[in-house]
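**Student:**
Numbering (this note's numbering), first residue to last: 1009 to 1259.
#1: Would you mind working out which of 1235, 1111, 1117 and 1226 sits nearest residue 1254, comparing C-alpha positions?
#2: Where do the N-terminal and C-terminal ends of the beta strand (DSSP E) with residue 1167 fall, by residue?
#3: Leaving out the 5 sequence neighbours to the left and right, which residues in its chain are closer than 8 Å to residue 1122 when beta-carbon positions are compared?
#4: Does DSSP put residue 1162 in a helix, a strand or coil?
#5: Per DSSP, which one or two residues make a beta bridge with residue 1073?
#6: On a CA-only basis, which of 1189, 1068, 1213 and 1076 is nearest residue 1091? Give me that one, please.
#7: Between the stretch 1103 to 1112 and the stretch 1126 to 1142, do three or more beta carbon pairs fall short of 8 Å?
#8: Please name the residue, chosen from 1194, 1173, 1165 and 1171, that lies closest to residue 1186 on a Cα-to-Cα basis.
#9: Report all residues from its chain with a CB closer than 8 Å to the CB of residue 1171; omit the five preceding and five following residues, and keep chain order.
#10: Run through DSSP, which three-state label would residue 1116 get?
#11: State whether the stretch 1086 to 1100 contacts the stretch 1061 to 1071, with contact taken as three or more CB pairs (one from each stretch) at a distance under 8 Å.
#12: Which partner residues does residue 1133 have in the DSSP bridge list?
#13: Excluding the 5 residues preceding and the 5 following residue 1062 in the sequence, name in chain order all residues of the same chain whose CB lies nearer than 7 Å to its CB.
#14: Give the DSSP bridge partners of residue 1015, in chain order.
#15: Out of 1107, 1088 and 1146, which one is the CA nearest neighbour of residue 1168?
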């Protein structure tokens, strides 16, 4: 049994419903299971179900904390990372109350070198500037709200290479996709990714403009040849789709 110094629930959203439950309350209740007696619990992003976590913390005499907003810079791109950075810094503050001695300079140095220290890829991961090419492993509705907010900051034509795992609620995601973007539906060698031909029927129902490709690398090569330097290309929808493109580009 793991006995942590601090437990962290970064957020709760409608994801992994096959494992955690089909409602936000059920998912939150499941995630609250990590809370240990007399051990602080930190919630990164609160919502209408956070009271479930707080009530469980009270039952287990676990000090309950919400994230404080902080303004630290990081090598992680994407405005949505501000929330994650704030959670990380708040966690350090709590640990320092427990007699850890993590200095502000150590925090700044760590946040400036997340990618180098951890090898993290696929979170608003910028691959090219002209055209602007970025990949993000967003695969649930909350994550797509975040990346659509990012996309709204960019002018020029937007091309979205995407595919989804079979167990994801991709229909909810498709409901919020802008109709003025161009979509490139692709599959993967990983069998968990839905066949793009099957997925295309859901795009057609929503009058989204799309093309079908066997793999993300095929869509990428086609786009690089046809796009201009002011276009934006995003690869997203699945960890497998992003992994495929990173493997292709790293060869």
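Glycine included, each C-beta is placed from N, C-alpha and C at the ideal position.
**Tutor:** This is what the structure holds:
#1: Comparing Cα-Cα distances from residue 1254 to each of 1235, 1111, 1117 and 1226, the minimum goes to 1226.
#2: Where residue 1167 is concerned, the enclosing beta strand (DSSP E) stretches over 1166 to 1170.
#3: The answer, listed in chain order, is 1082, 1083, 1084 and 1128.
#4: DSSP places residue 1162 outside both helix and strand once states are collapsed to three, so it counts as coil.
#5: 1050.
#6: Minimum Cα-Cα distance from residue 1091 among the listed residues 1189, 1068, 1213 and 1076 corresponds to 1076.
#7: In this structure the stretch 1103 to 1112 does not touch the stretch 1126 to 1142; the number of beta carbon pairs closer than 8 Å is below three.
#8: Nearest of 1194, 1173, 1165 and 1171 to residue 1186, Cα basis: 1165.
#9: If we look at residue 1171 and ignore the five residues flanking it on each side, its Cβ neighbours are 1193, 1194, 1195, 1196, 1201, 1202, 1204, 1207, 1224, 1245, 1246, 1248 and 1249.
#10: Of the three classes helix, strand and coil, the one that applies to residue 1116 here is helix, per DSSP.
#11: No, the stretch 1086 to 1100 does not touch the stretch 1061 to 1071.
#12: 1143, per the DSSP bridge assignment.
#13: Result list for residue 1062: 1072, in chain order.
#14: Answer is 1049, bridged to residue 1015.
#15: With distances taken between CA atoms, residue 1168 lies nearest to 1146 out of 1107, 1088 and 1146.
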